[in-house]
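Beneath this line is the structure, given in C-alpha cells, with notes to follow.
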Amino acid sequence: MADRLAAPTRPIKRISVSDKEKLVLALPKGRILKEVMPILAAAGVMPEDDFDDPDSRKLRFATKDGALEIVRVRSFDVATFVAFGGADFGVCGSDVIMEFDYAELYAPVDLAVGHCKLAVAAPKDFVEADDPTRWSHLRVATKYPNITEKYYTARGIQAECVKLNGAIELAPLLGLCRRIVDLVSTGATLAANGLVVIEEIADVSARLVVNRASLKTRAGEMSGWTERIGQAVQDRGDAP
Amino acid sequence: MEDRENQALLPAGLHDVLAPDAAHEAALVGTLTQAFGTHGYERVSPPMLEYETALIGAGGPGMDDHVFRVIDPTSGRMMAIRADMTPQVARIAATRLSRQPRPLRLSYGGQVLTVRGSQLRPERQFAQAGAELIGPDNIAADIEILILAVDALSEIGIEGITIDLNSPALVGSVISALDAENGKISQLRAALDHKDQVGVAALAGESAGILSYLIAATGPVDEALAKLGRIALPDAAKAEIERLRAVAEGVRAHRPDLALTLDPVEYRGFEYQTGVSFTIFLAGVRGELGRGGRYVTAAGEHATGLTIFLDTIRRAITPSPAQAKTVYLPQGSDPLIGATLRKEGWTTIAELAPDEDPATEAKRLGCTHIFETSEKQPIEIG
C-alpha cells in the first residue's frame, strides 16, 4: 500500500516515443500457449530460453532479436492488458474477447487453434423438467457474466449470474443454479457430471488481439506482425 | 467506518481536479480555442443543457444512450445535459447564425457529461474543445480541419501524432448492396469495428471477401491506398477512396512529416459522420486525443469539424512545474511592491499573521523567495 501511495499518480510525459521502443506481446499461460507457440515461431517470435523453463518465475521475457518483449499473464487477462495498452498485442480466446468487449481491441487474425464452444448446459433431469418459456428470472453459474446476461436478455429472461472461477459443473448439482454457461471442448467433463449441452452460444478459437492505438501509431511494425502471423496460420493450414 | 458517511466519495466517473491540473486544463482549453481563433474560428458558448429534442435530434441516434435527462421544472419539458458540444454548435449555425455568411467557422470549449464511462475511459465528465467549419463540401475544407487539428495540438506542445483517416460512407456503400436485415448489419458493423475476420466471414455473405480485404488494407496511408487501388469496388466507394487520397495528399503538402494511416472499416463513433473523418492518436497514450469529420447538420448543411478530448490530452502531457517565482511578502509591505512584482511576473503570497521565522513559513507555503524590505528586492530562500 505504501508503495502505491508513493508511486507517481500521473503518467510520465511521453510526447514523442521513438520507434526503437520495444513492442510488448502478451501471451496466456497454459493450454493455448502450447498450440500457439509454433505459429508465433514461424512468424519470427523467438523468446529467450527462460520462456520454456516451467520453473521460471519471470513474467517478462526478452526475445532473441530484441525487437519484442513478451509478458506472460492469465488467459483472461490478456484482453485487458492489450486493451489498456500495457501490451501492444497478444493472444487470447475469442470467449475472453466477447466477455470483455473492449472497444480498443482489434482481433484481426484467427489463429485456428484452441477450438471449443461456449455453451449453456444443465443437469439432464432439469432439462426434462423445466419449461423455460415460463421463466422471467434465472440463476446461472459462469465465468462469463457479461455474455450470459446478454444471451438471456435477448431471450427476455433476467439472468442472475453467480461468478465462479472453476468447477462450474458442480454448481447446479449442489443447488446454486439451474444453468451454467461454460467452455465445452469434448463434453467429457459435462458427461461425467451428468450435464448436457442445451445450446451453443459461440464457437471459440484463439485470436491475435491488437491494441487500437498501437496499430495506428506503430502502423508499419504492427501490420508486419499481423501479416506474418496471418501467413503462418495459413501455411500451417495448407500443410498436410 | 461507514462508506456512505465519507464525504470525499464522488459518484463513479466524476473527479475533483486539483492544482496544478485544474489550471493546466483551463490553460489547455484556452490555448486550443485561441489556436482555432487564429485560423478564423470564432468562439461560441452554448448552455450546459437544453431541450432533449434539440440535443438528441441533432446528435444522431448514437447520442440517445449518452445523455443525462432532467425535467425542466418551469416548462415541464424534458431537458438533456450535453454529452458532446458538436450538435449544439451545429444547432447554433442552423438557427441563430443562419444568416451569417458561409463558410462559417466556429469554435468551442467546455465540459460535457455522459451517462456512463467505458472501461477504458471511466470519466463521465470531461472537457472538450473543438472547431466546426460549416457550409462547404469540398476537399479544401477537409484539409483545413485536419491542419487545424495538427496546429492546435502543436500549440499545446503535442508533436508526433498519428492521424488515422476514415470514411464511414465507404463500408456503407459496400454493405448497402447486402441483402441483410438491420440486426445483422449492426452485428456486422461491430465485427468490422473489432477487425474480426471470423465474424465478418460469418455475417457478410457475398461481401465477406471485399470486407476482409478492406480490413487487411488498414495501415500507413500510402500502402493502404495502394492496396485499395487493386480491388474492384462499387463506384461510391471508389469516389470515397479518391477523396481520401486527395485529402491525404493535401495534408502531406502542408505537413510532410505527419504520420498518416488509413482505416477503411472504422465506424464506431462515426454514426453521425457522412464523409472523410479522422481519429487522432499519440504513441504510448491510451485512447484517442481527438476525432472529427464530415457530417450534415439537422438543417441539411454540409459541415466538417474536430473535437479534442482534454482527458486524453491530460494523460499525454503533465503540467509544467508550479510557478517558479513565488515570493513571500511580509506583513506591512508597501502594497505597491506587491503590485509591481505581480506585473513583473511574480506570484505573491502575503503574510497574514506575524511569523517568528518568516523564511521557514515562506518555504512551508511553497515560496521560492522572500521579500527583504531592507534590500528592497526578493531574496531566494536557501
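Chains A and B supply the protein sequences, listed in that same order. The first sequence begins at 98 in the numbering used here and counts up by one. The second sequence begins at 792 in the numbering used here and counts up by one. Positions of the beta carbon are idealized from the N, C-alpha and C atoms, including for glycine. These numbers were taken from a predicted model, which means no experiment stands behind them.
Sheet register partners of residue i (DSSP bridge)
| i | result |
| --- | --- |
| A/Gly317 | DSSP, once it has assigned bridges, lists no residue as partnering A/Gly317. |
| B/Ser909 | None; B/Ser909 has no bridge partner. |
| A/Gln255 | A/His234 |
| B/Thr1052 | B/Asp955, B/Pro1011 |
| B/Val872 | In the sequence under discussion, the amino acid at residue 872 of chain B is Ile, which differs from the Val named in the question. DSSP output for B/Ile872 lists B/Leu840 as bridge partner(s). |
| B/Phe1072 | B/Thr953 |
| A/Asn308 | A/Leu202 |
| B/Phe1100 | B/Gln919 |
| A/Lys260 | A/Thr239 |
| B/Ala1141 | B/Leu1120 |
| A/Gln331 | Answer is none; A/Gln331 lacks a bridge partner. |
| B/Gly1081 | B/Ile1071, B/Ile1099 |
| A/Val278 | A/Val217, A/Thr239 |
| B/Glu833 | B/Leu897 |
| A/Phe158 | A/Ile167 |
| A/Pro125 | A/Val170 |
| B/Arg1036 | Bridge partners of B/Arg1036: none, in fact. |
| A/Leu120 | A/Leu165 |
| B/Ala1094 | B/Ile925, B/Tyr1086 |
Secondary structure of residue i, DSSP reduced to three states
| i | result |
| --- | --- |
| A/Glu297 | strand |
| B/Phe1162 | strand |
| A/Arg101 | Confidence at A/Arg101 is low in this model, with a pLDDT of 33, below 50, so the placement of that residue is unreliable and no value is reported for it. |
| B/Arg887 | coil |
| B/Gln1168 | strand |
| B/Leu897 | strand |
| B/Tyr1086 | strand |
| B/Thr865 | coil |
| B/Gln978 | helix |
| A/Phe186 | strand |
| A/Ala209 | coil |
| B/Thr1109 | coil |
| A/Arg107 | Its pLDDT being 38, under 50, A/Arg107 is placed unreliably by the model, and the measurement read from it follows with that caveat. Here A/Arg107 sits in coil by DSSP. |
| B/Val903 | strand |
| A/Ile265 | coil |
| A/Phe197 | helix |
| A/Leu137 | helix |
| A/Arg325 | helix |
| B/Pro1047 | coil |
| B/Val858 | coil |
Residue i versus residue j: straight-line alpha-carbon distance, rounded
| i | j | result |
| --- | --- | --- |
| B/Leu1051 | B/Leu944 | 15 Å |
| B/Asp1148 | B/Arg1155 | 11 Å |
| A/Ala99 | B/Ala799 | The pLDDT assigned to A/Ala99 is 36, lower than 50, so where the model puts this residue is not dependable; a value taken from the coordinates is nonetheless given after this. Their backbone Cα atoms lie some 20 Å apart in a straight line. |
| B/Ile1174 | A/Gly141 | No statement about residue 1174 of chain B is possible, as the shown extent of chain B runs from 792 to 1173 and does not include it. |
| B/Asp955 | A/Val293 | 48 Å |
| B/Pro1110 | A/Val133 | 44 Å |
| A/Asp222 | A/Thr250 | 24 Å |
| A/Ala303 | A/Pro144 | 20 Å |
| A/Asp116 | B/Gly951 | Only weak support exists for where A/Asp116 lies, its pLDDT of 42 falling under 50; the value from the coordinates is given anyway. Distance between the alpha carbons of A/Asp116 and B/Gly951: 11 Å. |
| A/Asp228 | A/Leu235 | 12 Å |
| A/Gly317 | B/Asp875 | 33 Å |
| A/Asp162 | B/Ala995 | 39 Å |
| B/Ile999 | B/Leu1101 | Here residue 999 of chain B is Ala; the residue named in the question, Ile, does not match the sequence. Cα to Cα, the separation comes out at about 38 Å. |
| B/Gln1122 | B/Thr1138 | 16 Å |
| B/Ala1030 | B/Ala918 | 36 Å |
| A/Arg154 | A/Phe148 | 10 Å |
| B/Glu1166 | B/Ile1172 | 14 Å |
| B/Glu796 | B/Pro802 | 13 Å |
| A/Arg101 | A/Tyr199 | Residue placement at A/Arg101 is poorly supported in this model, since its pLDDT is 33, which falls under 50; the coordinates still yield a value, given next. About 26 Å. |
| B/Thr1117 | B/Arg896 | 40 Å |
| B/Ala1015 | B/Ser1068 | 16 Å |
| B/Pro811 | A/Ser282 | 55 Å |
| A/Gly183 | B/Gln1168 | 51 Å |
Pair within 8 Å by beta-carbon distance, residue i and residue j
| i | j | result |
| --- | --- | --- |
| B/Glu914 | B/Met870 | no |
| B/Gly1081 | B/Ile1099 | yes |
| B/Arg1046 | B/Gln1064 | no |
| A/Thr239 | A/Thr245 | yes |
| B/Ser889 | B/Arg834 | no |
| A/Val301 | A/Leu215 | yes |
| B/Ile1001 | B/Ile1032 | no |
| A/Ala219 | A/Glu201 | no |
| A/Val206 | A/Pro125 | no |
| B/Arg882 | B/Ile925 | no |
| B/Glu946 | B/Ala826 | yes |
Residue i CB to nearest heavy atom of the ligand FMN below 7 Å
| i | result |
| --- | --- |
| B/Val820 | The ligand FMN is absent from the structure shown, which contains no ligand whatsoever. |
- Query: Along the chain, which unbroken stretches of the beta strand (DSSP E) at least 3 residues long are found entirely within the segment 911-937 of chain B?
  - Reply: 916-926
- Task: Write down every uninterrupted run of the alpha helix (DSSP H) in the segment 979-1007 of chain B whose length is 4 residues or greater and which is fully enclosed by it, in chain order.
- Result: 988-994
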